[in-house]
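Engineer: Below you will find the structure I want to go over with you.
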Amino acid sequence: MKEQYCEWCGSVLLENGRCPIEDCVQNVILDAMESEPKQESEEKRDESNQTV
Ligand SMILES: [Zn+2]
31 MKEQYCEWCG SVLLENGRCP IEDCVQNVIL DAMESEPKQE SEEKRDESNQ
81 TV
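Position in the sequence shown counted from 1, then plus 30, gives you the working numbering.
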């Protein structure tokens, strides 16, 4: 498997895509993305359901 590197600090990312540096911008962004566009992804799910 290909390792992914944090674009902010260069550390090897964890399996879940988070940076091992807990304070890293990478983790802040991931947290922000998780809390915000939940509704959007549910809408997309509905669309794909209709298509199938
Ligand atoms: Zn990082």
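Glycine included, every Cβ here is placed at the ideal spot set by N, Cα and C.
On the criterion of 16 or more Cβ atoms from any shown chain inside 10 Å, does Cys36 qualify as buried, or is it exposed?
Structural biologist: With 16 or more Cβ atoms within 10 Å of its Cβ, Cys36 is classed as buried.
Engineer: Tell me the DSSP bridge mates of Val55?
Structural biologist: Answer by DSSP bridge pairing: none, since Val55 is not bridged.
Engineer: Looking at ligand 1, does it come within less than 7 Å of Gln56, judged from the CB to the closest heavy atom?
Structural biologist: Checking the Cβ of Gln56 against ligand 1 gives yes.
Engineer: Using a Cβ-Cβ cut-off of 7 Å (strictly less than) and excluding sequence neighbours within five positions of Asn57, which residues of its own chain qualify?
Structural biologist: Hits under 7 Å: Arg48 and Cys49.
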